[in-house]
Each structure stands twice: as C-alpha cells, then as structure tokens.
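Mapping of the sequence shown onto my numbering: residues 78 to 451, in sequence order. We treat Cβ as the ideally placed atom computed from N, Cα and C, and that holds for glycine.
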Amino acid sequence: MLLGKYRVENVLGRGAMGLVVAARHLALDDRVAIKVLLPKYVQDADILQRFLREARAAVRIRSQHVVRVADVGTLENGAPYMVMDHLEGKDLAAVLAESGPLAVPLAIELVLQVCEALAEAHAQGIVHRDVKPSNLFLTRNADGSPCVKVLDFGISKMTHAEDHALTRAGGVLGSPLYMSPEQLRSASDVDGRADIYSLGVVLFQLLTGRTPFVAQELAQLVYLVTQGEPQRPRALRPDIPEPLEQVILAALARDRDRRFPTVADLALALVPFAPPHLRAAAGRLFGALRETLPVPALQGGAPLAASAAGAATSAAAYPLDGGALTIAPLGTTHRKPAARRHTLPVALGIGLVVVSGGLFLWRLSPRAPHPVER
78 MLLGKYRVEN VLGRGAMGLV VAARHLALDD RVAIKVLLPK YVQDADILQR FLREARAAVR
138 IRSQHVVRVA DVGTLENGAP YMVMDHLEGK DLAAVLAESG PLAVPLAIEL VLQVCEALAE
198 AHAQGIVHRD VKPSNLFLTR NADGSPCVKV LDFGISKMTH AEDHALTRAG GVLGSPLYMS
258 PEQLRSASDV DGRADIYSLG VVLFQLLTGR TPFVAQELAQ LVYLVTQGEP QRPRALRPDI
318 PEPLEQVILA ALARDRDRRF PTVADLALAL VPFAPPHLRA AAGRLFGALR ETLPVPALQG
378 GAPLAASAAG AATSAAAYPL DGGALTIAPL GTTHRKPAAR RHTLPVALGI GLVVVSGGLF
438 LWRLSPRAPH PVER
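Written as structure tokens, this is what we have:
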C-alpha cells in the first residue's frame with residue numbers, strides 16, 4: 078500500500094536514482110505509474126529540482142504525446158513521488174533492438190508525433206534537452222494506431238525569465254550521444270534547435286538502425302559531433318529518398334543557424350514522406366503550430382542554404398506503401414515571429430555515436446557514455 082490509496086502491483090523500471098512502479102488507485106480502480114526518488118537523494122537540491130521540473134513541464138504541455146502527470150508529493154521517508162498515466166507498450170530503443178529499422182512512412186509518422194509534442198513544449202518556453210529513443214514511448218490509440226509519448230522532462234530548460242536553468246558542476250546534462258554541439262559546450266546555451274538536432278539523430282537511427290557516428294570514448298564523441306561529418310543515411314539504406322536525406326542532414330547541421338528554425342518547419346518538410354492519409358491534416362496542424370513558435374535570431378548572419386520546401390516538392394510523388402506497423406506486440410498491459418524565414422537549411426555534417434537504449438518505462442538517471450555500434 079502506498080499513500081493509503083494506491084496498491085503497488087509491480088516494478089516497471091529501476092534506475093540509479095529511483096524507480097517506477099505500477100499501482101492501482103483503490104477508490105477509482107485506475108492503474109497508474111508512480112515514480113519515486115530513492116531516499117538517499119532527498120538532500121540533493123539539484124536532483125530534487127530536476128524531479129519537480131519534470132512534473133511542472135509535463136503539466137504545462139497540453140499534448141496527447143506527452144505523458145500526463147496527475148499528482149506530486151512526498152512520502153513519509155521524505156522521498157518525492159510523481160503519479161503519471163500508466164502506459165502499455167515499449168520505448169523506441171526497445172522497438173529498434175527487437176525489430177530493426179522501420180519503414181519510411183512509419184518512422185515519419187512517429188517522428189511527426191514527437192514534433193507535435195516538442196512544438197507544444199517550445200511554445201511554452203520549454204526545451205527538452207534529452208530527446209532519444211529511450212525517452213520516446215510507443216503505445217497504441219483506441220483504434221490500434223501507433224501513438225508516441227515523450228517522456229522525461231527532468232532536464233528540460235525553461236526559457237522564461239522567472240525560471241532558473243538546472244545545472245550540475247563538472248557534469249553534462251543529457252545523453253551525449255544525442256546532444257547537439259552547442260549543448261555539449263554549454264547545457265544552458267540551447268533553444269529549440271537543440272531538440273531538432275536530437276530528433277534528427279533519432280530519425281536517422283529509426284531508418285538505418287544506427288546513428289551517424291560511432292565512438293568508444295566521450296572525448297572522441299565530442300570531437301566527432303563538433304568537427305566530423307556524418308555518413309549519409311542513403312549510404313546505409315539506399316531506399317531512403319534523397320530529399321528525405323536532405324531533410325535529415327539539415328536537422329543535423331553542426332551550426333544551429335543552418336538547421337530548421339523551428340520544429341514545426343522540420344515537421345512540414347517531413348510531411349510528404351508520411352503515410353498519405355495523414356499528410357493533409359499534418360500539414361494544417363504544423364502550419365498552425367509554426368505561427369505559435371518564436372523564430373531564433375541568427376548569430377553573425379549565417380545564411381540559410383536551400384529550402385526544405387524544395388525537398389518536399391521533389392518528394393511529392395514518392396510512392397509509399399502505408400508503412401504498416403510490423404513490430405512485435407506492444408504488450409497487454411506564444412510568441413509570433415516578427416519576420417518568418419521561408420528558406421530552410423541544407424546541413425553541414427556533424428558526428429554522432431550510437432549507444433544501446435534503455436528499456437525501462439522511464440529513464441531515472443543519465444547513463445555513462447559507453448557507446449557500441451548496434
């Protein structure tokens with residue numbers, strides 16, 4: 078029994094700093110997930126702030142693609158807890174490990190759902206800073222269609238003036254394997270384009286089964302991300318349309334001024350590769366969301382190269398098979414821009430590395446970077 082009203086059923090995930098359990102609300106007969114911080118961390122102000130930040134961020138983002146937080150509080154032993162929706166399914170790291178690369182339409186459908194969640198977050202002044210397959214949980218809607226939930230806003234950055242950046246001396250917040258060059262340099266010097274970069278890595282991995290670079294040490298990883306050039310996705314998977322490759326590389330530009338200015342712009346460039354029945358609605362959705370997102374100021378007047386709209390036009394006739402979901406069973410269980418720029422970037426190369434993704438429902442602590450090629 079927990080808090081006098083929840084009956085704990087089983088452990089869903091366990092990490093270095095805490096665990097997540099499945100529980101049932103006795104009065105409501107509702108199954109929930111409860112995330113609890115281990116007692117030994119209750120005196121760590123940074124970790125406590127991170128825990129509360131995750132809950133506040135999730136509450137502020139009104140999206141079906143962000144897990145809902147229903148309550149927070151403190152147990153008798155002083156450990157904070159968070160009550161969330163119970164999700165049935167698996168994260169995208171587990172999906173990749175079990176099934177390998179996804180069909181192009183399915184990968185785009187899932188990434189567009191992540192774009193929707195991130196657009197809502199960015200409109201609220203929240204940058205996730207830890208977008209990766211193990212933080213993207215695949216479940217199903219009532220009609221059986223796939224639905225991605227973005228998890229773990231614990232290290233998100235609030236860009237509003239009243240919020241304070243969460244930092245840790247001598248450490249790196251986030252997963253270096255998916256972090257943008259600017260985030261590796263400074264966790265506080267990021268905006269929504271850092272999430273765009275991370276999502277570019279995720280899409281690359283969903284389509285090819287690996288990330289653009291492989292490294293064995295953190296120092297090598299940092300060098301590759303900041304100085305190297307990625308392998309082109311089509312070199313690993315020739316059936317990826319060339320215009321889609323251009324979109325991926327634009328998201329992965331080393332210079333953030335050469336990436337898409339907003340996650341909605343990225344989504345609009347991806348829409349032509351989505352399942353045909355989703356394209357019209359997705360185009361309308363992201364066209365509207367784009368108007369709610371601030372356009373970042375370019376530093377030093379770095380030019381934007383080519384238009385992603387051109388890539389989308391080239392892809393208009395791309396034949397898609399619908400991308401049926403063929404993975405293993407999922408289990409039983411606003412600020413408007415002053416001047417919008419319509420040209421979108423062709424990327425400079427950057428380097429990434431691959432790391433095996435976590436299989437837990439919620440990641441509770443960052444892992445040390447010991448990457449190996451998948």
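- Within the same chain, and ignoring the five residues on either side of PRO210 in sequence, the residues whose Cβ sits closer than 7 angstroms to its Cβ are ASP168, LEU169, ALA170, LEU173, VAL279, GLN282, GLY434.
- For PHE214, the secondary structure class from DSSP, reduced to helix, strand or coil, is strand.
- For GLU319, same chain residues with a beta-carbon under 6 angstroms away, outside a window of 5 residues either side, do not exist.
- In the structure shown, ARG361 falls within a helical segment according to DSSP collapsed to helix, strand and coil.
- Here ASN212 really is in contact with LEU228; their C-beta atoms are around 5 angstroms apart, less than 8 angstroms.
- The count of Cβ pairs closer than 8 angstroms, one atom from the region 331-347 and one from the region 360-369, reaches three, so the stretches are in contact.
- Here ARG91 is bridged, per DSSP, to LEU96.
- For ILE185, the enclosing alpha helix (DSSP H) has its first and last residue at 181-200.
- Linking VAL113 to SER263 through their CA atoms gives a straight-line distance of about 29 angstroms.
- Residue environment: LYS226 is assigned as buried (16 or more neighbouring CB atoms within 10 Å of its CB, all protein chains considered).
- Boundaries of the beta strand (DSSP E) harbouring LEU114: 107-114, taken from the DSSP string.
- Taking GLU197 as reference, the option from ALA135, ASP334, LEU179 with the minimal CA-CA separation is ALA135.
- Nearest Cα to LEU164 within the set ALA147, VAL119, VAL109: VAL109.
- One thing to note: GLN190 has its Cβ no nearer than 8 angstroms to the Cβ of ILE138.
- If you draw a 10 Å sphere on the C-beta of MET78, you find fewer than 16 other C-beta atoms in it, and that means exposed.
- PRO315 and ARG333 have their C-alpha atoms some 27 angstroms from each other.
- Assignment of ARG127 by DSSP, reduced to helix, strand and coil, places it in the helix class.
- Its Cα nearest to that of LEU301, the residue ALA330 stands out among ILE317, GLN120, ILE273, ALA330.
- In terms of Cβ geometry, ILE111 and VAL97 form a close pair [threshold 8 angstroms].
- Around the C-beta of GLY166, 16 or more other C-beta atoms lie within 10 Å, and the residue is accordingly described as buried.
- Sequence-distant Cβ neighbours of ALA156 in its own chain, meaning closer than 6 angstroms and more than five residues away, are VAL113, LEU114, PRO116, VAL119.
- The C-beta of GLU175 has fewer than 16 other C-beta atoms within 10 Å across all chains shown, which makes the residue exposed.
- PRO307 and GLU322 have their C-alpha atoms roughly 12 angstroms apart.
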